[in-house]
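Here's the structure, in structure tokens; my notes come after.
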Amino acid sequence: MDGFNLSDIPPLRSPVVVMAFTGWSDTGTVTTDAGLRLVETCNAERFLSVDPEDYFVFTDNRPVVKLDDEGQRVIEWPRNEAYYAELPEAPHDLVVVVGAEPNLRWRTFSERLAEVMAGLSPSLICTLVARPAATPHTRPVPVSGSSADPQLAARFGLGPSMYQGPTGIIGVLHDALRRRGTPLISLAAGVPHYLNVDENPLATQALLQALRPVVGFMPDLGDLEEQGERFLARVEEASRGDEQIGQYVAMLEQNYGQAPDFEGAFDDGEPGDLPPAADILRDVEDFLRGTQ
Numbered sequence: 607m608d609g610f611n612l613s614d615i616p617p618l619r620s621p622v623v624v625m626a627f628t629g630w631s632d633t634g635t636v637t638t639d640a641g642l643r644l645v646e647t648c649n650a651e652r653f654l655s656v657d658p659e660d661y662f663v664f665t666d667n668r669p670v671v672k673l674d675d676e677g678q679r680v681i682e683w684p685r686n687e688a689y690y691a692e693l694p695e696a697p698h699d700l701v702v703v704v705g706a707e708p709n710l711r712w713r714t715f716s717e718r719l720a721e722v723m724a725g726l727s728p729s730l731i732c733t734l735v736a737r738p739a740a741t742p743h744t745r746p747v748p749v750s751g752s753s754a755d756p757q758l759a760a761r762f763g764l765g766p767s768m769y770q771g772p773t774g775i776i777g778v779l780h781d782a783l784r785r786r787g788t789p790l791i792s793l794a795a796g797v798p799h800y801l802n803v804d805e806n807p808l809a810t811q812a813l814l815q816a817l818r819p820v821v822g823f824m825p826d827l828g829d830l831e832e833q834g835e836r837f838l839a840r841v842e843e844a845s846r847g848d849e850q851i852g853q854y855v856a857m858l859e860q861n862y863g864q865a866p867d868f869e870g871a872f873d874d875g876e877p878g879d880l881p882p883a884a885d886i887l888r889d890v891e892d893f894l895r896g897t898q
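Its first residue numbered 607, the sequence shown is counted upward by one per residue in my numbering.
Set out below in structure tokens:
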């Protein structure tokens, strides 16, 4: 048993598959927030769930106790799920895979998931990544992409990835999908490395906007723009009047757009060398944690 529980789904029109996983490649839950928003706004239906028993160490990735609508305690286990949405007004239907990076059996997990996705005859699979980058919060979140396929790279204006080194589940999935000949690209958001917070709606919004040419429609941002404005206001409030913080952000602003792309993000690897934020930005992090 591989723990993959599949439901029947109708034939899909050359679906585009979007994949996001918490963990190594999901700074600030940016990618999984984007994936879940796609699921919600497209009224996508679940057709795949993966039993976590064989893929997680629960002392490392613990289940969570929550109260349901009736006040009863329920256990939420780490999840990996896939959803589909029929989109007659878009050029393709949509499949969204959202989950948590497993602790165990990566090869089994990746091979099985790649097999399921390839069976849908997708026109394209796009993995999402969010990694720390030397970018200021006062500028638009940079989103870059890569593809090993020259035609796809030219079509979407992407570059190759030259990263070599440790990788996460997305890097392993890329290998499994590539060996099946699946059209594959990555989109990566660069998140300000000094904002160590649980959510970054500005980066989630940037990823969703970058997905427009990939999925063939503009994802509904809903209240995400308002959330981004509130987030930015909190950061500004935390840093206002601190000369050292102002100087640090000004340095990042001066270099914004001049540094090479953070190549490690594209293959789900280590982020590149980042300038030290030192202790001067700890107050910003503490403030943001206290206001979430």
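Don't be surprised by glycine CBs; every beta carbon is placed ideally from N, CA and C.
The model shown is predicted, which means the values in this text are computed figures rather than measured ones.
Extent of the continuous alpha helix (DSSP H) to which residue i belongs
i	result
VAL645	636 to 647
VAL722	712 to 724
LEU808	807 to 816
PHE837	830 to 845
LEU858	849 to 861
Endpoints, the beta strand (DSSP E) within which residue i is located
i	result
ARG652	651 to 656
TYR689	686 to 691
ILE731	730 to 739
ASN611	610 to 612
The ligand SAM heavy atom lying under 6 Å from the CB of residue i
i	result
ASP675	For the structure depicted, the ligand SAM is absent and the ligand set is empty, with no information on it obtainable.
Residues that DSSP places opposite residue i in a beta bridge
i	result
GLU676	In the DSSP output, where bridge partners are listed per residue, GLU676 has none listed.
ASP632	ALA736
MET625	VAL703, THR733
GLY751	LEU793
ILE681	VAL671
Cβ pair residue i, residue j closer than 7 Å
i	j	result
GLN815	GLY834	no
VAL623	MET723	yes
ILE776	THR744	no
LEU790	ILE731	yes
ASP674	LEU618	no
LYS672	GLU659	no
ALA739	GLY774	no
LEU808	SER716	no
THR714	PRO798	no
ARG786	ALA720	yes
ASP608	ARG685	no
ARG737	THR633	yes
PRO728	PRO621	yes
SER631	VAL735	yes
ALA759	SER753	yes
ASN709	SER655	no
PHE823	ALA626	no
LEU642	PRO825	no
ALA640	LEU813	yes
VAL749	LEU793	yes
ARG711	TYR661	yes
Short CB-CB distance (under 7 Å) between residue i and chain D
i	result
PHE762	Going by chain labels, chain D is absent from the structure shown, which holds only one protein chain.
Subject >> In chain order, each alpha helix (DSSP H) run of at least 4 residues that lies wholly inside the segment 757 to 828 >> reply: Look at the segment 757 to 828 and you find these whole runs of alpha helix (DSSP H), each 4 residues long or longer: 775 to 785, 807 to 816, 818 to 821.
Original post:
Pairing CB atoms from the segment 635 to 654 with CB atoms from the segment 689 to 696, are three or more of them under 8 Å?
Top reply: yes
**OP:** Tell me, please, whether the segment 758 to 769 touches the segment 704 to 723 by the rule of three or more beta-carbon pairs shorter than 8 Å.
**Re:** no
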